[in-house]
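Notes for the one structure printed next.
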Amino acid sequence: MGTPSSTTVSVEKRETWSSSTGFILAAIGSAVGLGNIWRFPGVAYESGGGAFIVPYLVALLTAGIPILFLDYAIGHRYRAAAPLAYRRMAKRTEGLGWFQIMISFVIATYYAAVIAWSCSYFIYSFNLKWGEDTRGFFLGEHLKVGDPEISTSIVGTVALPLVLVWVAVLVVIALGVTKGVQAVNVIFIPLLFVAFAGLVLRALTLPGAADGLNAFFTPDWSALTDLNVWIAAYAQIFFSLSIAFGIMVTYASYQRRKANMTSSGLVVAFANSSFEILAGIGVFATLGFMAQQQSVAIADMKDLTGPTLSFVTFPAVINQMPGGNIFGVVFFGALIMAGFTSIISILLGVAASVQEKFGLSQRGSAILVAAACAIPSVLLFSTTSGLLALDTVDQWANNVGIVISAIVMTVLVVWVLRRSRVLARHLSTVSTFKVGRVWTVLIGFVAPVFLIIMLVQKVISLINDGYEELPQWYLNVFGWGTIVFVVVAAAILTAIPWKGRDDETFTPWPPIEEESR
Ligand code: PFF
Numbered sequence: 468m469g470t471p472s473s474t475t476v477s478v479e480k481r482e483t484w485s486s487s488t489g490f491i492l493a494a495i496g497s498a499v500g501l502g503n504i505w506r507f508p509g510v511a512y513e514s515g516g517g518a519f520i521v522p523y524l525v526a527l528l529t530a531g532i533p534i535l536f537l538d539y540a541i542g543h544r545y546r547a548a549a550p551l552a553y554r555r556m557a558k559r560t561e562g563l564g565w566f567q568i569m570i571s572f573v574i575a576t577y578y579a580a581v582i583a584w585s586c587s588y589f590i591y592s593f594n595l596k597w598g599e600d601t602r603g604f605f606l607g608e609h610l611k612v613g614d615p616e617i618s619t620s621i622v623g624t625v626a627l628p629l630v631l632v633w634v635a636v637l638v639v640i641a642l643g644v645t646k647g648v649q650a651v652n653v654i655f656i657p658l659l660f661v662a663f664a665g666l667v668l669r670a671l672t673l674p675g676a677a678d679g680l681n682a683f684f685t686p687d688w689s690a691l692t693d694l695n696v697w698i699a700a701y702a703q704i705f706f707s708l709s710i711a712f713g714i715m716v717t718y719a720s721y722q723r724r725k726a727n728m729t730s731s732g733l734v735v736a737f738a739n740s741s742f743e744i745l746a747g748i749g750v751f752a753t754l755g756f757m758a759q760q761q762s763v764a765i766a767d768m769k770d771l772t773g774p775t776l777s778f779v780t781f782p783a784v785i786n787q788m789p790g791g792n793i794f795g796v797v798f799f800g801a802l803i804m805a806g807f808t809s810i811i812s813i814l815l816g817v818a819a820s821v822q823e824k825f826g827l828s829q830r831g832s833a834i835l836v837a838a839a840c841a842i843p844s845v846l847l848f849s850t851t852s853g854l855l856a857l858d859t860v861d862q863w864a865n866n867v868g869i870v871i872s873a874i875v876m877t878v879l880v881v882w883v884l885r886r887s888r889v890l891a892r893h894l895s896t897v898s899t900f901k902v903g904r905v906w907t908v909l910i911g912f913v914a915p916v917f918l919i920i921m922l923v924q925k926v927i928s929l930i931n932d933g934y935e936e937l938p939q940w941y942l943n944v945f946g947w948g949t950i951v952f953v954v955v956a957a958a959i960l961t962a963i964p965w966k967g968r969d970d971e972t973f974t975p976w977p978p979i980e981e982e983s984r
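So the number in the numbering used here is just where the residue sits in the sequence shown, counting from 1, plus 467.
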């Protein structure tokens, strides 16, 4: 097939993953993260236990996998990080790319803080430094949590590891896609799976494990009538699969032109959900052990969800376990590996977007973006008000921001730009697992309808009921303020004239007619 010579420049220059395995490992690395270990077990337990599997699978099949394919299709066809990929699809949609990238930016600032806590806890595990009162230690000594205020007193023990995490992220991003990101994933992902399998096996052999699994899997079917449970399932799937953040668009853009995209997507989605369920099993088997030691019912235990599950309850269990410190080292080591392979995906997405827009070098954009992210990350999340800010920002970024992103993305592609056929044909041409009408109906109808209902309900509940009884001014700053920040930053970045390479000559491949741009 003869490609016009004017297009070959833009075709050949892009760095690529060195193989499909490299891409799949990196995409699994992005998906499997703190969300799987630190978030999923608690969310599932709180939202109906065994019954949660129903909304979870519905969310995975109706929105998760279809939108993952959509991210892949856009990135792979238009071969750029989100803003430029959207711009190549249709100029006026660049802003959506920046909106997604800015949400990712916000998430990276606090995600790094949780990785930093994990680093500290990894070290604390060796001598069980947290002592008997693990809650008092985490909140009082480790984080030094204060009131909901905008605190400026930085906690050194949180800030130092946080700075180190940022330096490590910077180094990996500066090394680039293959030598940096792919290399880290090729080592960490197999290691993570082996380490985690070891943890789960150990957990299952603890006395009381079966009670834990019963608590986790016993379905509370009435939860299915609660819209909030469905919202939790969709939010979990989005966060967990890293979709609608612009990040998978970027990852797919580094995939070779002839690459089996949908089959890779199925592998990634399957690996991610399997890991998530495995984490639920491991965590609850361990909790069953603890309940038995203390002769309490799991339902009466505190701190089973949110940030405290890993940093309060787990250390308490580790205290009681024979050989607990080894378990602790492996558990927090697994959290670090899972978290690190995810945060580098976010930063690569942000750095590549800035690099393309401003025509910077890879190193230059890596330094700029890592610094721009690290500064608010340290200033906001290593202070005495860091934990509350983190929880609030997370609530808004993931339940409001990312849902808006997914709605706009699907409606725009299917209804406004009418690109679903082209993208479906693109995926089907390069992949063995073909997509067609069903996919279009899912991304064009089922997913946006569900998501709009969810968004409206969530916004109403946040307006009427607030969040965690925090003062309204606080929610305005860290909750709604997050959304305003993302929108304003995206608008500014979009308005700045494009300074990167002129890509007017870009031609998507494979050639598919009706490509009207
Ligand atoms: N998927 C990651 C997790 O489950 O922890 C988090 C994440 C990574 C979210 C990348 C968004 C993203 F773009």
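Note that CB positions come from ideal geometry on N, CA and C, so glycine has one too. Small disclaimer: the values here were computed from a predicted structure and weren't measured.
Judged by their CB atoms, V779 and F589 are not nearer to each other than the 8 Å cut-off.
Ranking I495, F945, T851 and L754 by CA distance to the CA of F737 puts I495 first. Counting other Cβ atoms within 10 Å of its Cβ, Q822 reaches 16 or more and is therefore classed as buried. In this structure, the straight-line span from the alpha carbon of V499 to that of Y578 is close to 13 Å.
For the pair of segments examined, the region 553-569 was found not to touch the region 760-773: the number of CB pairs separated by less than 8 Å stays below three.
Burial check for Q649: the Cβ neighbour count within 10 Å reaches 16 or more, so the residue is buried. By alpha-carbon distance to L680, the top candidate from I748, Q567, V955 and Q759 is I748. If you check the C-beta of S571 against the ligand PFF, you find a heavy atom less than 7 Å away. Boundaries of the alpha helix (DSSP H) around R888: S887 to V897.
Of the residues R669, A635, A957 and L629, the one whose Cα lies closest to the Cα of I834 is A635. W882 counts as exposed, since fewer than 16 other C-beta atoms from the protein chains shown sit within 10 angstroms of its C-beta. In terms of side-chain proximity, the C-beta atom of G502 is found nearer than 7 Å to a non-hydrogen atom of the ligand PFF. Contact between I534 and A818 fails: their C-beta atoms lie close to 23 Å from each other, not under 8 Å.
Listed in chain order, the beta strand (DSSP E) runs fully inside the region 817-877 amount to none, counting runs of at least 3 residues. Inclusion of V734 and I532 in the CB contact set at 8 Å is not warranted, their separation being larger than that value. By the neighbour-count criterion, in which 16 or more other beta carbons inside 10 Å mark a residue as buried, G515 falls on the buried side. In this structure, C586 keeps its C-beta atom at 8 Å or more from the C-beta atom of I813. Beta-bridge analysis with DSSP links P686 to G516. Beta-bridge annotation (DSSP): I621 is paired with T850.
Inter-residue distance for I810 and K611 is about 25 Å (C-alpha atoms, whole angstroms). Within a 10 Å sphere around the beta-carbon of A838 sit fewer than 16 other beta-carbons, which makes this residue exposed. At the C-beta level, A956 and T717 stay beyond 8 Å of one another. Not one heavy atom of the ligand PFF lies closer than 7 Å to the C-beta of S872. One alpha carbon belongs to T851, the other to S709, and they sit about 29 Å apart. Linking W697 to L922 through their CA atoms gives a straight-line distance of about 11 Å. Nearest to S844 by C-alpha distance, out of P977, I582 and A511, is I582. Residues S898 and T899 of the same chain have their beta carbon placed closer than 6 Å to that of N727, with the five preceding and five following residues left out of the count. Excluding five sequence positions before and after S618, the CB atoms of its chain that fall closer than 6 Å to its own CB belong to T850, T851 and S852, given in chain order.
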